[in-house]
Structures are given as C-alpha cells and as structure tokens.
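In the numbering used here, the protein residues as written are 146 to 825.
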C-alpha cells in the first residue's frame, strides 16, 4: 500500500499504455509504483497495463499486464492535521502548566471506509481556557490499538504524551510576550509498522485577564505612637482578579500583619516611635505567577508633633483668563520639626466650581481647566475663586495646616468688535433736526458683552449731515437733507470696545459701513391728467381680472412716491387699485351699471401729506347684452354730463343781536370786577 496522499486511476478496467501509465514506470527488470501514487480498491480494483517492446530491426511485441488491487490495512492521517499547514489551535497565555491543548485520536472507520475530512470535533478539555482540537487518524480495519506517537521536532517547549496529547509547557507560557507560535510535527505508527504524519501550530494569544498591579506602588504612612494591637494602620489596593495580599519583608520583628483579602495592614502590638519599610506582594490566587509588589513606609511619630508651617500662609493672586491649563499658581514650602516633605499630604478643599478649575500636584497649586472670563457662569462667581489647601503630616487631621486661597480672574481683550449685517436705513428728506435714522447694533464677545463706543469717521457737515450717539449707536439727523442734491450717504462708523481688559489702553476697533438713503417728499399737490375720466368696460367671466385704466399723476419732484386709494363709489368692492392701475372684478351681474369712483392721490409721510382727487365714471356692460349688427361702424361721441362734486364746510355766522348782547355783558362784567377790586 502507498504512503502518499495522491490517488490515481480511471476506474475499474481502465487501460493505460506504458508511455503514460497511471502511477507506473517500466524498467528492464521490474514494474514499480510511481512515487506519490495512491491506490484505493474502492475506486479502482484492477489496472490493465499494455506493454510494448521492440528490438532494432524487429517487430514490436505487445503484452498485457493485469494488476489487481485488493483491500488491505492502511493508516491515514486526516486533514487539517495532515495538511501542509497543519492544524491550528489558539490558547491564552495564562493557561495552566501541562494543560492538554490538543489530542491526536484514532478514528474507527470500519470496513473499507476511509474518511478524508477532519474527524474530530472541538470540545473543551478540563482546565483549559481555549477550545482544544484533535487530529483524526483512520484505519481500514477497526484494529486501533498500539498506536505510537513521536515528535519529529524537539525545538518546542510543548510536550507530546504516549497517548497523543499535546500539553502546555511545564512552566506555562510567558504572559509578558505578544502572540507566540509553536509548530509540532507528529508521526503516528501502528503495530504493523504503518505510519502517517501531521503538523500542529499552537498560537498563544495574550491573556485577556487583567494583570495584578498596584495603582500606588509606593506609599508613605505616618501614625502617632500609642496605637494598640490589631488597629488598622493603612490599607493597600491592587487591581486584578482573585487578588490576595502578603507581606514579604521584613520577616522579623513581626510588627504588622495584612489581611490577605482586604489588604488592611494592622499592628500586632503597641507601636512606639519607629520607622518600618514593608514590602507587600499582591498576586492572583488562581495564577500565582501573576503578581506585583509595593512598598509601604510606616513612620510612628511621637505625640509631641506639631502641625507643619507653610510659606506663604495665605495666597491671594490675580490671573489672566488666558492662563493655560497646567500652569502653576503657587508652590507651598511646608515643613515641620521632625518630618521631611515626603510625609506631607496636600489636598484642596472648596466649592465644586473651584475644584473643577484648580488642582493640587504635591505642593503645587495648578490650573486645571480654561479660565473663561467671558461667560455668565464666571460672572455669577464674581470672577473669583476661593479654596483652602489642607497640609497634613502623615495623613493625620490633627496635625494639619490650612492655607486660604483667593484667585481673581482678570479679563483679556481677545476679540474684535463685529459689524451688524445689512446696516442700511431710509429717512425722508423732510426729517427734522435730531430725528433718529437707525441704530448700529455692533457686537463684541468679550465680557461685558457688547460694551462698545461708536464714532463717525469724518466731521459732520453738509457732506455728512448725520451724527452717531457714542453709547447707543443711534444715528441722528444734524443737517439739512435734499433729495435732489444727494440721494444717499455712505457713513463709516468706528466700533471700539471698552472695559474688556485690565489695561484700559488695550482696546480693539472695527470700521463698519452704513448706508442712508433719502426718501423724496412732495411739497405741492399731485397733478393728475385728466382729473375726470369716463370709461366703458364689458364685464368678463366671474372671477377674472380686467384692467380698466391707468392713472397718470406726478408730484412736484422726481422720485416722489405717490399713493392711490379709492375713497368712494366702490360698491361691493368691484374695483381695486394695483399701484396706479384700476382693475375691475366681474361678479356676473346681468344689468348694465354705472360706477362713479373717487380716487385720492397723495405723497408725503403722515400728517404732512397733500392729496388730489380723481373722478372716474365707469359704465359696466354685461357680456350677455345684445349688440345690433351693422356693416358700417359709426363713431358717435357720447355727450359728457357735468359731474358736480359738492364739499360741505360747517361755518357758524351769529346774528347781530347776539353780538350786541355779548358785548354789553362783557362790559358790565368788567365794571363789576373793577368795583370789587377798588373796595378790596
């Protein structure tokens, strides 16, 4: 039976010539199986080989050779174990030593059945953190005993047992490394000497379990003498899984003990003035190799200790709002009579607003976040922060010093003023002196917000008949305006910020363009030609719009805006004015009707307007009115009826006798008043 993995054959009874035999080469002495060939009786059980031979000058001789393939015992390694790359197993680096990772197992196939697929299924092996795998070994007959396993390469820390198990190294994997890869080449041999081989690649992944670490690997603790036995001196904490604690040093004398679960360090007897250096180990109870160490320096002080003295004893400062986070405001110089700076602890106390903007790093008070002066929140605090730095000796509150802190944030002029969008105003040419034209609303992001001063570039005069209020930014008229001489003005307003910096000389400004357009105003009555019109219109369909006429009126000045309004005769609202165009709105009436409309035309603002009246006589003929047909068109002028417009004015003319009586009564009243005054 062949030992290679490549099959060959065309089926039962296939014919091959010697020039291209299936897996067969011919020599003068023997017929041999080609290297790499594989015979399978279930696929092809007989090969017919045609052999031809010829000597020089003789006829060719042809013979046939029948090769029968019978089922025999064979040992085969299945894929992926037998593939070139080999099978792959991934495990974590924290797997326990000698944990089974992979198993090469025999697979009883029975009869003549051979499986070429992976015969095993991945199931967890007790004690592993990753699913192990196993390779399949198949035989043609169920004689599966006495398999021997041999590791062909020995440059690996992994172990292969006699039962085909691949075990983790005796000391486990190195958890400090990244991905590690090990390759094993395994040969399997049965009791008949048949063998097959395969490969296994073990990939060791970094552990997902958090390592045991001390957030604070060095700690100094100071306590006063007189602490009794089993009192808590301090507590250490390490991060990780299943953490336990132990004291490595000193071994003697035993002054302290540690709770292996909580990490509390307690005294074993009454403490006197000493210094002790403890070496603490934290480790994973399930993986002792995962451990970390920390040092705790315990100083037992006498009871006559005093609180530390700090310079400065009080800290008052002004800082600009542009100070960068991380900047140091002050460094305290604190000391006591018996201890060093390493035993002093610094803490910052105060309202949340202070604690969010400042922090302590040892004896240094530092800025934690940006100090933004230009905000309502800072204004609500009065631009000041108050806090207290508490300095303690060995963490004992009774031996502490408090340093008051007052920090005032000062403004910095950071931003330039901004101009308003679309600063354009309109004013009538008849505006009185001091009339408000508009308001220039500039903005500034520095606190106090929009604290600006306004000024006009250039002097006020005939060419610039305007002024601007210094505080409010209101533009007022300070000179005569004439639409015919100049229709618009371009003003340049300077915006200058104020009170935005501790130094009043640091000011910023911006120039803004402002447009002022004059509006013409009539000084005489509008003139309309003609003042009376007689018009005829044929009504269209209801809902339509029919222009009737356009009024031609003008004022005394070019560019003056005229307003037209129907003030009388518009029954049922059948007419309306669109600008100076009269429009009729049909309503479907069946009878002819005549409308007499009065239109008022005026120009000028408010109460100063002066108006003229236009009379329009409109004859409306319905569309359904029959019109006699005629072959000759005659133009007959319609007689114009005079239109009388009556205006009534109320005037009172008293009679003569009423005037005489009123005069005499007045004279008598004056005489009586004179006599009364004389008597007094």
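Glycine included, C-beta positions come from ideal geometry on N, C-alpha and C.
Because the structure is a prediction, the values reported are computed rather than measured.
Please identify the residue among the options whose C-alpha is closest to the C-alpha of residue i.
i	options	result
residue 638	624, 612, 818 and 511	612
residue 318	365, 474, 492 and 243	243
residue 854	748, 760, 645 and 734	Given that the chain is displayed from residue 146 to residue 825, the structure contains no residue 854 and the question cannot be resolved.
residue 488	329, 363 and 670	363
residue 537	499, 455 and 581	455
residue 584	592, 578, 567 and 590	567
residue 577	615, 533, 627 and 617	627
residue 738	717, 430 and 744	717
residue 555	337, 527, 561 and 404	527
residue 726	746, 714 and 427	746
residue 743	624, 663, 189 and 677	677
residue 569	509, 634 and 248	634
residue 330	298, 798, 661 and 431	298
residue 316	301, 563 and 500	301
residue 756	801, 708 and 802	708
residue 762	525, 714, 809 and 480	714
residue 349	327, 358 and 416	327
residue 533	458, 480 and 721	458
residue 853	629, 369, 672 and 203	One cannot answer for residue 853 here, as it falls past the ends of the chain, which runs 146 to 825.
residue 373	358, 386 and 401	401
residue 175	182, 186 and 196	196
residue 525	510, 465 and 593	593
Please look up how many angstroms separate the CB atoms of residue i and residue j, rounded, as I've assumed it's under 8 Å.
i	j	result
residue 471	residue 445	No, residue 471 and residue 445 are not in contact; Cβ-Cβ is about 37 Å, not under 8 Å.
residue 643	residue 598	6 Å
residue 220	residue 234	That pair is no contact at about 23 Å.
residue 621	residue 580	7 Å
residue 519	residue 590	6 Å
residue 384	residue 360	7 Å
residue 381	residue 408	5 Å
residue 657	residue 564	4 Å
residue 291	residue 336	4 Å
residue 664	residue 553	The pair is not a contact, with the Cβ atoms about 53 Å apart (cut-off 8 Å).
residue 391	residue 376	Not confirmed; about 20 Å, so no contact.
Which first and last residues belong to the beta strand (DSSP E) in which residue i is found?
i	result
residue 809	Where residue 809 is concerned, there is no enclosing beta strand (DSSP E), although the alpha helix (DSSP H) it sits in stretches over 801 to 824.
residue 583	581 to 584
residue 239	Taken as a continuous stretch (DSSP letters only), residue 239 belongs to no beta strand (DSSP E), as it is neither H nor E.
residue 747	738 to 748
residue 598	597 to 601
residue 655	654 to 664
residue 401	401 to 403
residue 511	509 to 512
residue 188	Looking at the DSSP string, residue 188 is not in any beta strand (DSSP E), and its letter there is neither H nor E.
residue 573	569 to 573
residue 460	460 to 465
residue 211	206 to 213
residue 479	478 to 480
residue 592	Careful: residue 592 lies outside any beta strand (DSSP E) and carries neither H nor E.
residue 392	388 to 394
residue 113	Outside the modelled stretch of the chain, which goes from 146 to 825, sits residue 113, for which no answer is possible.
residue 678	677 to 683
residue 176	176 to 178
residue 107	Any question about residue 107 goes unanswered here, given that the chain covers just 146 to 825.
residue 379	377 to 380
residue 200	Neither: residue 200 is in no beta strand (DSSP E) and is coded neither H nor E.
residue 489	489 to 494
residue 220	220 to 222
If I follow the unbroken alpha helix (DSSP H) through residue i, where does it start and stop?
i	result
residue 498	497 to 502
Is residue i a contact residue of the ligand MN, with contact defined as CB to any heavy atom under 6 Å?
i	result
residue 810	This structure lacks the ligand MN; in fact it carries no ligand of any kind.
Should the stretch 334 to 344 be called in touch with the stretch 223 to 239, which here means at least 3 C-beta pairs below 8 Å? In short, these stretches touch, since the Cβ pair count reaches three.
Unbroken stretches of the alpha helix (DSSP H), 4 residues or longer, contained in the stretch 515 to 555: Within the stretch 515 to 555, the runs of alpha helix (DSSP H) at least 4 residues long that lie entirely inside it are, in chain order, 521 to 525.
Does the stretch 729 to 739 come within contact of the stretch 690 to 702, defined as at least 3 CB pairs closer than 8 Å? The answer is yes - the stretch 690 to 702 touches the stretch 729 to 739, with three or more Cβ pairs under 8 Å.
Runs of beta strand (DSSP E) wholly within the stretch 290 to 373 (minimum 3 residues, chain order): Along the stretch 290 to 373, the beta strand (DSSP E) occurs as fully enclosed runs of 3 or more residues at 293 to 296, 310 to 312, 325 to 334, 340 to 350 and 363 to 369, listed in sequence order.
Is there contact between the stretch 461 to 475 and the stretch 388 to 400, where contact requires at least three CB pairs shorter than 8 Å? Taking 8 Å as the limit for Cβ pairs, the verdict is that the stretch 388 to 400 does not touch the stretch 461 to 475.
Give the list of continuous beta strand (DSSP E) stretches no shorter than 3 residues that lie fully inside the stretch 691 to 734. Listed in chain order, they are 691 to 695, 707 to 713, 720 to 723 and 726 to 729.
Counting beta carbon pairs with one atom in the stretch 198 to 214 and one in the stretch 319 to 329, are three or more of them shorter than 8 Å? In short, these stretches do not touch, since the Cβ pair count stays below three.
Contiguous beta strand (DSSP E) assignments of at least 3 residues, all confined to the stretch 614 to 649: Here the runs fully enclosed are 619 to 622 and 633 to 642.
Extract the residue ranges of the beta strand (DSSP E) inside the stretch 406 to 436, only unbroken runs of 3 or more that lie entirely within it. Runs found: 409 to 412 and 420 to 429.
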